[in-house]
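In our numbering, the protein residues as written are 1174 to 1447.
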């Protein structure tokens, strides 16, 4: 008698349009590779809540910014937690999964992040800058982000916003993990062309930096992307910890790295399923 493989509901929005990237290509290829080990069905994020009971696990991948369907996402999250549905990534993440206020927490705790505050009375904690970055706590894909001159901060409505100094970074770099295992790193050598990524050779200090945030988040399983910038002084500063549905830029790595990533993800899913 044949063994029935675990059933995976793979949540993706194949029609989502992202700047400079085709999210759908990544999910088509990755879900096809996972079929070696699982029975995989793709669904739109708006259909996940009503379909998930028929599957052994739900994998949330390139489902687009949840702020576009916040009410439905909140309902999915509440239903999955109440029913004990296995969700990948698990819904216990402390990073972008629950908004960007963690940047304030990490900044106050002395972690190497871009200094961040969410109250006017805390502006003194930020270094002086000519321009500040104002972004929504619930933002994604730079939606709602503004560059604001210092003189405009006094009239800012702080409800649901974060403020950071604008850092003249040398480049941005991302570190990709499955569970606690580092997979690869990519960076954008030209800050003005941030989606043109090439492989980055991560050194021991780089990985020590990235793993601090993986440790802080404490996810038992899942895919995480640690986004950082190289500050003028040479240090790395956290930009964001993406633990909900990070785009993986698998088209920017070689075939061997893509296969190694997919195999490690499959092993992680098997671990989640027990």
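Using N, Cα and C, we set each Cβ at its ideal position, and we do this for glycine too.
Open item on the list: If you follow the beta strand (DSSP E) that residue 1437 is in, where does it begin and where does it stop?
Closed with: Translated into the one-based positions of the chain shown, residue 1437 becomes position 264. Unbroken run through residue 1437 is the alpha helix (DSSP H), 1428-1446; no beta strand (DSSP E).
Open item on the list: I need the boundaries of the alpha helix (DSSP H) containing residue 1253, first residue and last residue.
Closed with: Within the chain shown, numbered from 1, the residue matching residue 1253 stands at position 80. Unbroken alpha helix (DSSP H) run through residue 1253: 1243-1256.
Open item on the list: Going by the DSSP bridge assignment, what does residue 1355 pair with across the sheet?
Closed with: Here residue 1355 refers to the residue found at position 182 when the chain shown is read from its first residue. BP columns for residue 1355 point to 1350.
TODO: Kindly list the residues whose CB is nearer than 8 Å to the CB of residue 1254, restricted to its own chain and excluding five residues on each side of it in sequence; keep chain order.
DONE: Along the chain shown, read from residue 1 onward, the residue named residue 1254 stands at position 81. The residues are 1264.
Task: 8 Å contact criterion, which residue 1346 and residue 1373 should meet: CB distance rounded - done: Counting from 1 along the chain shown, the entry for residue 1346 is found at position 173. Counting from 1 along the chain shown, the entry for residue 1373 is found at position 200. With 8 Å as the limit, residue 1346 and residue 1373 qualify as a contact, their Cβ atoms being about 5 Å apart.
TODO: Compute every distance between the C-beta of residue 1253 and the non-hydrogen atoms of the ligand MN, then say whether any falls below 7 Å.
DONE: Absent from the structure shown: the ligand MN. Ligands present: none.
Task: Contact check, residue 1310 vs residue 1283, beta carbons under 8 Å - done: For this step, residue 1310 is matched to residue 137 along the chain shown. For this step, residue 1283 is matched to residue 110 along the chain shown. Contact flag unset, no.
- [ ] Return yes when the Cβ of residue 1279 is within less than 8 Å of the Cβ of residue 1286, no when it is not.
- [x] Position 113 of the chain shown, counting from 1, holds the residue named residue 1286. Position 106 of the chain shown, counting from 1, holds the residue named residue 1279. Contact flag set, yes.
Open item on the list: Less than 7 Å between C-beta atoms, sequence neighbours within five positions excluded: which residues of the same chain meet that for residue 1196?
Closed with: Mapped onto the chain shown, residue 1196 falls at position 23. Excluding residues within five positions, the ones whose Cβ falls inside 7 Å are 1189, 1235 and 1420.
Task: residue 1387 beta carbon less than 8 Å from that of residue 1438 - done: Start at 1 with the first residue of the chain shown, and residue 1438 comes out as number 265. Start at 1 with the first residue of the chain shown, and residue 1387 comes out as number 214. Cβ distance not < 8 Å, so residue 1438 and residue 1387 don't count as in contact.
- [ ] Mind listing, in chain order, the continuous beta strand (DSSP E) runs of no fewer than 3 residues lying wholly within the segment 1176-1251?
- [x] 1180-1184, 1212-1216 and 1230-1233
Open item on the list: Here's the rule I'm using: 16 or more other beta-carbon atoms within 10 Å means buried, otherwise exposed. How should residue 1318 be labelled?
Closed with: Your numbering for residue 1318 matches position 145 in the chain shown. The residue in question, residue 1318, is exposed, as its Cβ has fewer than 16 Cβ neighbours within 10 Å.
Task: residue 1287 - containing alpha helix (DSSP H), residue span - done: Numbered from 1 along the chain shown, position 114 holds the residue referred to as residue 1287. First-last for residue 1287: undefined, no H or E at that position.
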